[in-house]
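S.K.:
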């Protein structure tokens, strides 16, 4: 498939794989990578159907995992820590189960641990509508209205610059393929695996998000014991945008211990 990969940090830094969420893109890790410093080389692909990566099907979790294994084959020779936000957290968990020898630890940022089918249906219906805008200002205003309110202007401006594209008809839209998003939305309603036994795992939860189910978190605690670190932040789902310093501190501490 050949995913487009955003690279942050020095070429000789310790590789860290960072996977974004549904409708997101790899450049959302730019700020976090900068806060981690020059010790790490953060590899943040645009997942299939997102950003600058190919959009061809199949659009399912197995395909996303296979794509990410290809990225590891290109950039890393040994096991690496894997970060994953939302959908990216689910892909990271499945990656760790499929190729445990390639993953040295997990940092799960408000991972999608089983979306309710009713919510998935509402989200899919909305995505199938023509989500396009007459100009950049309209797109920016819509992003603020739908999940990005209260963020610093610079954070919203960066998201718009990185993720908005102009269509052939002159209207503006976000860089993701809607049919792929609908298929992956359905995949997120399926049961989510636990981290493999003994794998050092950081779980960052947005207290106002509700995405991480209590039962799944408790099952992780029972399965991993002292190999699990849980950090709860006073924010919603976009933890690395809403609480960038606290998220970076938690991730940096976790990486340093691996």
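Residue numbers (the working numbering): 52 to 309.
We put the beta carbon where it would ideally sit given N, CA and C, even for glycine.
(1) From residue 224 to residue 274, what distance separates their C-alpha atoms?
(2) Should residue 161 be labelled buried (16 or more other beta-carbon atoms within 10 Å of its own) or exposed?
(3) So the alpha helix (DSSP H) residue 188 belongs to, where does it begin and stop?
(4) Please list the segments of the beta strand (DSSP E) lying wholly inside the segment 189-240, counting only runs of 3 or more residues, in order along the chain.
(5) Out of curiosity, what's the CA-to-CA distance linking residue 254 and residue 281?
(6) Identify which residue in 92, 153 and 69 has its Cα closest to the Cα of residue 61.
(7) Can you list, in chain order, the residues of its chain whose CB lies under 8 Å from that of residue 216, leaving out five sequence neighbours each side?
(8) Under 8 Å from any heavy atom of the ligand PLP, does the C-beta of residue 52 make it?
(9) Taking all protein chains shown into account, do 16 or more other C-beta atoms lie within 10 angstroms of the C-beta of residue 243, making it buried, or fewer, making it exposed?
(10) Under the rule that 16 or more other beta-carbon atoms within 10 Å means buried, what is residue 69, buried or exposed?
(11) Name the DSSP bridge partner or partners of residue 65?
(12) On the DSSP bridge assignment, give the partners of residue 284 in chain order.
(13) What separation, rounded to the nearest whole angstrom, lies between the Cα atoms of residue 278 and residue 250?
(14) Considering only residues of the same chain and omitting the five flanking positions on each side of residue 120, which have a CB-CB separation below 8 Å?
(15) For residue 112 and residue 238, which I take to be in contact (beta-carbon distance under 8 Å), what is that distance rounded to the nearest angstrom?
(16) Keeping to the same chain, check which residues put their C-beta closer than 7 Å to that of residue 140; ignore five residues upstream and five downstream.
(17) Within its chain, find whatever has a CB closer than 6 Å to the CB of residue 101; leave out the 5 residues flanking it on each side and keep chain order.
(18) Quick one: grab the DSSP three-state call for residue 158.
(19) Have a look at the DSSP bridge pairing and note the partners of residue 55.
(20) For residue 293, count neighbouring Cβ atoms within 10 angstroms of its own Cβ and tell me buried if that reaches 16, exposed if not.
(21) Kindly indicate which residue of 90, 218 and 115 has the alpha-carbon position closest to the one of residue 73.
(22) Chain B beta carbons: is any one of them nearer than 9 Å to that of residue 273?
M.R.: Let's see:
(1) Start at 1 with the first residue of the chain shown, and residue 224 comes out as number 173. Start at 1 with the first residue of the chain shown, and residue 274 comes out as number 223. Approximately 42 Å, taken between the alpha carbons.
(2) Taking the first residue of the chain shown as 1, we reach residue 161 at position 110. Residue 161 counts as buried, since no fewer than 16 other beta carbons sit within 10 angstroms of its beta carbon.
(3) For the purposes of this step, residue 188 is taken as the residue at position 137 of the chain shown. Judged by DSSP secondary structure, residue 188 falls within the alpha helix (DSSP H) whose first and last residues are 187-194.
(4) If we require 3 residues or more, the beta strand (DSSP E) runs fully inside the segment 189-240 come out as 215-217 and 223-225.
(5) As a first step, residue 254 must be located in the chain shown, where it is residue number 203. As a first step, residue 281 must be located in the chain shown, where it is residue number 230. Looking at the two C-alpha atoms, the distance is approximately 5 Å.
(6) Within the chain shown, residue 61 is the residue found at index 10, counting from 1. For residue 61, the closest of 92, 153 and 69 by C-alpha to C-alpha distance is 92.
(7) Walking along the chain shown from the start, residue 216 turns up at place 165. These residues qualify, in order along the chain: 223, 224, 225 and 226.
(8) Among the ligands in the structure shown, none appear at all, so the ligand PLP cannot be discussed.
(9) Position 192 of the chain shown, counted from the start, is the residue given in the question as residue 243. Buried, by the Cβ-count rule.
(10) Reading the chain shown from its first residue, position 18 is the one you call residue 69. With 16 or more Cβ atoms within 10 Å of its Cβ, residue 69 is classed as buried.
(11) The residue given as residue 65 occupies position 14 in the chain shown. Answer by DSSP bridge pairing, in chain order: 91.
(12) Residue mapping note: residue 284 aligns to position 233 of the chain shown, counting from 1. Residue 284 pairs with 257.
(13) As a first step, residue 278 must be located in the chain shown, where it is residue number 227. As a first step, residue 250 must be located in the chain shown, where it is residue number 199. Each residue's alpha carbon lies about 7 Å from the other.
(14) What you label residue 120 is simply residue 69 of the chain shown in a count that begins at 1. Excluding positions up to five away in sequence, the list reads 146, 149, 150 and 153.
(15) Here residue 112 refers to the residue found at position 61 when the chain shown is read from its first residue. Here residue 238 refers to the residue found at position 187 when the chain shown is read from its first residue. Residue 112 to residue 238, Cβ: 5 Å. Contact.
(16) Translated into the one-based positions of the chain shown, residue 140 becomes position 89. Non-local beta-carbon contacts of residue 140 in its own chain, meaning distances under 7 Å to residues more than five positions away in sequence, involve 159, 160, 162 and 163 in chain order.
(17) As a first step, residue 101 must be located in the chain shown, where it is residue number 50. The beta carbon of residue 101 is closer than 6 Å to those of 76 and 227 in its chain, skipping five residues each way along the sequence.
(18) Here the question's residue 158 lines up with position 107 in the chain shown. In the structure shown, residue 158 falls within a strand segment according to DSSP collapsed to helix, strand and coil.
(19) As a working note, residue 55 is residue 4 in the chain shown. DSSP, once it has assigned bridges, lists no residue as partnering residue 55.
(20) Here residue 293 refers to the residue found at position 242 of the chain shown. Buried, because 16 or more other Cβ atoms sit within 10 Å of the Cβ of residue 293.
(21) Counting from one through the chain shown, the residue named residue 73 turns up at place 22. Ranking the options by Cα distance to residue 73, first place goes to 115.
(22) Reference to chain B is not applicable here, since this structure consists of a single protein chain.
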